[in-house]
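Notes follow once the structure below has been shown.
Residue numbers (the numbering used here): 1 to 127.
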């Protein structure tokens, strides 16, 4: 079974780097994660930004296109134009959980650790 298809309970049972690799885990950038989850929501015909009215034909399609294109997004506008609400709802497009190196201050990705601590731990423990 692919990593993407694992249920949250099954994900919590992965404790080693070897188990993570065997499950087929591949690191993703935030933009890729947002894009993949947006595509899933659009295919399922789910509302991506529920509770935002009046922008269905203007702002929301532009934000969706920006996410699909993996562009940087800067929300500009006057007060009351749902900028904060859109930003808060974008969090729903992130994965519920991601693997991290335990004890790392940066919550390093196990396959691409950034901190010295995580790199040393991965080198020391291996899979």
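Yeah, the Cβ is synthetic: ideal placement off N, Cα and C, and Gly gets one too.
- Per DSSP, the beta bridge partners of residue 109 are 112.
- When the five nearest sequence neighbours on each side are left out, the beta carbons in the same chain lying within less than 6 Å of the beta carbon of residue 73 are those of 66, in order along the chain.
- Collapsing the DSSP output to three states places residue 36 in a helix.
- Per the Cβ contact rule, the segment 37-45 is not in contact with the segment 7-26 (fewer than 3 Cβ pairs under 8 Å).
- Counting other Cβ atoms within 10 Å of its Cβ, residue 76 stays below 16 and is therefore classed as exposed.
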